[in-house]
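Q: Just dropping this structure here.
Chains as they are written, first to last, in this note's numbering: chain G, 952 to 1136; chain Y, 13 to 201.
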């Protein structure tokens, strides 16, 4: 945990002290989705036949579309660091198995994830990248949880200043894909 | 629906709802849990007892959920079973200990099973501080009608006390009076 904090702090420090990059700032807005399980507390797919899962509330949580705003600062030609903010509505099914009852409720969900974006050498108008992000999520009634977001492959197309973007995503908030647009300055 | 060792003869009443029906499920799964004691534990142990009697064994020394279970003959047609070890209900295997007395009432029906009257006392220690004790309040009888495999008629009462970190959380009662699906479950006693 301490190691992770030190690495994140070093990357953020590097971001603020970097020099020499033209248009080092970028802001992207995405919409993403594909319904996925969002892991919070006591979530269970299988709900085994045991006393804990009988007597404690079990939650099954799924996400709908998730809106993402992210900011990156170019530290090196191939590396940017920053953070992403997610907002989405999630559906929480609460099961009380011992009572034989369940209910469904919609909740707002927010996530804040520091991230590192790695650029892959590619043509000027078709730029490829990957991204790693990990942080926290917050959902009223479920509380704070761990969130991660991995982009194994993403691409930007268009000009250097304004561009479109699409990426594949694997995480516990979204599994699937995201599309959006960004500006660099 | 008949009880039959290791074949999950009893179908939980709410299994289809539990996977997320639109209206949720309507039955306490406490009944399913206690039926696991009757089915996965008692009926399966009886089946192993029948195998042991047939082969003149005094312990379950073959691959079984009850490997290591000790069998002692108390009288003609009366045995005592003792087991301590991990036992799986529907998912995770937890440490389970029980002693069951079984009296054979009618020898071998057409389906190969005898009719039995049993008395049981036992406990189970599960994850996150949860545990339970269980015992038969009235003797529990297993009747095989010879048509289907296993035992398809049950009579008797089983009680269970649930503990959360050593404190009593719930007291439950399962009353068996006919087919397994017709068992009644009461909690919060």
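All C-beta atoms in this analysis are idealised placements derived from N, C-alpha and C, irrespective of residue type, glycine included.
Remember, it's a predicted structure, so these values are computed and weren't measured experimentally.
Any Cβ of chain G within less than 8 Å of the Cβ of residue 36 of chain Y?
A: For residue 36 of chain Y, the pLDDT reaches just 40, beneath the cut-off of 50, and the residue's location in the model is therefore unreliable, although a value from the coordinates is still provided. Yes, residue 36 of chain Y counts as interfacial toward chain G.
Q: Starting from residue 59 of chain Y and walking both ways along the alpha helix (DSSP H), at which residues does that stretch end?
A: 56–66
Q: Short of 8 Å in beta carbon distance, which residues of its chain neighbour residue 992 of chain G, apart from the five on each side in sequence? Order them along the chain.
A: Interpretation of residue 992 of chain G is limited by its pLDDT of 45, a score under 50 that renders its predicted location unreliable; the figure taken from the coordinates is listed afterwards. Around residue 992 of chain G: 1010, 1093, 1094, 1096.
Q: Rounded to a whole number of angstroms, what is the C-alpha to C-alpha distance between residue 1018 of chain G and residue 77 of chain Y?
A: 50 Å
Q: Check whether the Cβ of residue 104 of chain Y lies closer than 8 Å to any Cβ atom in chain G.
A: yes
Q: Does any C-beta atom of chain G lie closer than 8 Å to the C-beta of residue 44 of chain Y?
A: yes
Q: Hey, which unbroken runs of the alpha helix (DSSP H) at 4 residues or more fall wholly within the segment 1000–1060 of chain G?
A: 1002–1006
Q: Drop a sphere of 10 angstroms on the beta-carbon of residue 1076 of chain G, count the other beta-carbons inside from all chains shown, and report buried for 16 or more, exposed for fewer.
A: exposed
Q: Just the chain G side, please: which residues come within less than 8 Å of residue 139 of chain Y by C-beta, in chain order?
A: 1001, 1003
Q: Return the bridge partner residues of residue 52 of chain Y from the DSSP annotation.
A: Note: residue 52 of chain Y sits in no beta bridge, so no partner.
Q: Would the beta-carbon of residue 1067 of chain G be found less than 7 Å away from any heavy atom of the ligand HEM?
A: With respect to small molecules bound, the structure shown includes none, and the ligand HEM cannot be examined in it.
Q: What three-state label does DSSP hand residue 1087 of chain G in the structure shown?
A: strand
Q: When DSSP builds the beta bridges, which residues end up paired with residue 102 of chain Y?
A: None, per the DSSP bridge assignment.
Q: Under a CB-based cut-off of 8 Å, is residue 1058 of chain G close to chain Y?
A: no
Q: Is the beta carbon of residue 47 of chain Y closer than 8 Å to that of residue 156 of chain Y?
A: no
Q: Since residue 144 of chain Y meets chain G, which of its residues come closer than 7 Å, beta carbon to beta carbon?
A: 1002
Q: What residues from chain G crowd round residue 174 of chain Y, counting only those whose CB sits closer than 8 Å?
A: 1002, 1006
Q: List, in order along the chain, the chain Y residues whose C-beta lies closer than 9 Å to that of residue 1094 of chain G?
A: Scanning chain Y for C-beta atoms nearer than 9 Å to the C-beta of residue 1094 of chain G yields nothing, as the closest lies near 18 Å away.
Q: At which residues does the beta strand (DSSP E) containing residue 166 of chain Y begin and terminate?
A: Judged by DSSP secondary structure, residue 166 of chain Y falls within the beta strand (DSSP E) whose first and last residues are 165–176.
Q: Can you grab the Cα-Cα spacing for the pair residue 59 of chain Y / residue 1051 of chain G, in whole Å?
A: 31 Å
Q: CB-CB under 6 Å to residue 64 of chain Y, same chain, minus the five flanking residues each way: which ones, in chain order?
A: Taking residue 64 of chain Y as the centre and dropping the five residues before and after it, the same chain places the C-beta of 83 closer than 6 Å to its C-beta, in chain order.
Q: Taking only beta-carbon atoms, is residue 1048 of chain G less than 8 Å away from chain Y?
A: yes
Q: Residue 48 of chain Y versus chain G: which residues are under 7 Å apart at the beta carbon?
A: 1000
Q: Can you give me the C-alpha to C-alpha distance between residue 146 of chain Y and residue 171 of chain Y, rounded to a whole angstrom?
A: Cα to Cα, the separation comes out at about 6 Å.
Q: For residue 1113 of chain G, is the classification buried or exposed, using 16 other Cβ atoms within 10 angstroms of its Cβ as the cut-off for buried?
A: exposed
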